[in-house]
């Protein structure tokens, strides 16, 4: 039996998910589950539904929770909104839009994709062109990944909504906020988003294991229209539109996940919504300042080529002439900092630094120092002064 090495102090967790979970959330997560008839159960569920609406900035969207990861919520969206043989437009953002398209095609739905350019956000004009070309209105929904965590590119959802409106096409707008909710600005109602899906383990500061969908009345109407045409049972929003907890969850609710989510939303609101967003901007500016200095050595560079589109949640760093997984190994084993690998087409080309969730400036500075120490230990050329640049960015960012 192998014996895991001991590391003094805390391991710095800087993947883009799972993220660091606050003690108050872990304490809540460890609570004793309740009997299904316990009068505390329905208020717990109601608190989570209402709290998530506040975070999403929606007045009346229906909330559906699943004991699943974000991929489960992807499938829930498709089997509720689409019938086999129908068509959806998935705006290409790279790895995660490709993954969503693959899952969508697997349940018998046809996928139209917009052109993809690595390192760049979705072009709203491509969405508009595809919808204008769809004279028969065969496309029933447009799927957008707000932030692609593989590339760390964030796309402009309001601009995409405006492009859809210009096309005068009736398709629903569906947005994946797995990597952005609780970190970047999002306003479901104001932005004209019909369906949102996400998961617990990133900006929501919870353990992995719970996903959600939020759907407005147009989306619910489309779901009713697909009843009997799209095979579904566990995922079915119509079946879950029920006040009884057992039916709302198609079985026993994931009570401990709900306890954790309620505690996380309470922390979020104690800090203040705008302060949370400002903190994420500040931490992202520090990481991006450091990467900008490192990149002058000629080996490292941003994957996202548009500064305004760089994510406040994660930064993907391209590596030329060195092994990013060896960088990750040295940083983890020698400096106790856990960063993420490249995904999909970025595997073996990229490492990623997560900076979302329950993080503070000293935690991010510690991460950056550990990464820099690893880069220097491997004799990878980097510019000097990255940590100083990060501290200056922290000092100049508006909170």
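In the numbering used here, the protein residues as written are 706 to 1104.
Glycine residues also receive a C-beta, built at the ideal position from the N, C-alpha and C atoms.
If you measure between the beta carbons of residue 769 and residue 896, is that distance less than 9 Å?
Counting from one through the chain shown, the residue named residue 769 turns up at place 64. Counting from one through the chain shown, the residue named residue 896 turns up at place 191. Cβ distance not < 9 Å, so residue 769 and residue 896 don't count as in contact.
Helix, strand or coil, according to DSSP, for residue 848 in the structure here?
If you number the chain shown from 1, residue 848 lands on position 143. Strand, per DSSP.
Helix, strand or coil for residue 957, going by three-state DSSP, please let me know.
As a position in the chain shown, residue 957 is number 252, starting the count at 1. Looking at residue 957 - three-state DSSP - the assignment turns out to be coil, as it is neither helix nor strand.
Alpha carbon of residue 1008 to alpha carbon of residue 837, nearest angstrom
Residue numbering aside, residue 1008 sits at position 303 when the chain shown is read from its first letter. Residue numbering aside, residue 837 sits at position 132 when the chain shown is read from its first letter. Those two C-alpha atoms are separated by around 31 Å.
Where does residue 881 land, buried or exposed, given buried means 16+ other C-beta within 10 angstroms?
If you number the chain shown from 1, residue 881 lands on position 176. Buried, because 16 or more other Cβ atoms sit within 10 Å of the Cβ of residue 881.
Outcome for residue 803 when other beta-carbon atoms lying within 10 angstroms are tallied against a minimum of 16:
In the chain shown, counting from the first residue as 1, residue 803 sits at position 98. The residue is buried, with at least 16 neighbouring Cβ atoms inside 10 Å.
When we look at the beta-carbon of residue 712 and count the other beta-carbons within 10 Å, is it buried (16 or more) or exposed?
The residue given as residue 712 occupies position 7 in the chain shown. Per the 10 Å Cβ criterion, exposed.
Residue 991 versus residue 877 - alpha carbon distance:
The sequence position of residue 991 within the chain shown is 286, counting from 1. The sequence position of residue 877 within the chain shown is 172, counting from 1. Taking the straight line from one Cα to the other gives about 37 Å.
Report yes if the C-beta distance between residue 718 and residue 724 is below 9 Å; otherwise report no.
For the purposes of this step, residue 718 is taken as residue 13 along the chain shown, with counting starting at 1. For the purposes of this step, residue 724 is taken as residue 19 along the chain shown, with counting starting at 1. Yes, Cβ-Cβ distance for residue 718 and residue 724 is below 9 Å.
Identify every residue that forms a DSSP beta bridge with residue 981.
As a first step, residue 981 is located in the chain shown; it is residue number 276 there, counting from the start. Answer by DSSP bridge pairing: none, since residue 981 is not bridged.
Only counting the same chain, and skipping five residues up and downstream in sequence, which positions put a Cβ closer than 6 Å to that of residue 779?
Here residue 779 refers to the residue found at position 74 when the chain shown is read from its first residue. Correct list, in chain order: 805 and 808.
Rounded to a whole number of angstroms, what is the C-alpha to C-alpha distance between residue 1047 and residue 988?
Taking the chain shown and counting its residues from 1, one reaches residue 1047 at position 342. Taking the chain shown and counting its residues from 1, one reaches residue 988 at position 283. If I take the Cα positions, the gap works out to 21 Å.
Mind pulling the alpha helix (DSSP H) runs of 4 or more residues that sit fully within the region 718-754?
728-734
For residue 1060 and residue 1069, the rounded distance between their alpha carbons
Your numbering for residue 1069 matches position 364 in the chain shown. Your numbering for residue 1060 matches position 355 in the chain shown. When rounded, the distance between both Cα atoms is 7 Å.
Counting only the same chain and skipping the five closest in sequence on each side, list residues whose C-beta sits under 6 Å from that of residue 1080.
If you number the chain shown from 1, residue 1080 lands on position 375. So the list reads 1087, once near-sequence residues are dropped.
Quick check on residue 763: does DSSP put it in helix, strand or coil?
Here the question's residue 763 lines up with position 58 in the chain shown. Coil.
Do you know offhand how far residue 1055's Cα is from residue 854's?
What you label residue 1055 is simply residue 350 of the chain shown in a count that begins at 1. What you label residue 854 is simply residue 149 of the chain shown in a count that begins at 1. So the two alpha carbons sit approximately 12 Å from each other.
Please state the DSSP three-state secondary structure of residue 835.
By one-based count along the chain shown, residue 835 stands at place 130. Correct three-state label for residue 835: helix.
Report the rounded CA-to-CA distance for residue 1019 versus residue 721, giving the unit in angstroms.
For the purposes of this step, residue 1019 is taken as residue 314 along the chain shown, with counting starting at 1. For the purposes of this step, residue 721 is taken as residue 16 along the chain shown, with counting starting at 1. Cα to Cα, residue 1019 sits roughly 6 Å from residue 721.
Per-residue DSSP class, three states only, for residue 900
Within the chain shown, the letter at position 195 stands for residue 900. It is a strand residue.
When the distance is taken between beta carbons, is residue 746 closer than 9 Å to residue 993?
Stepping through the chain shown from its first residue, residue 993 is reached at position 288. Stepping through the chain shown from its first residue, residue 746 is reached at position 41. No. Outside cutoff.
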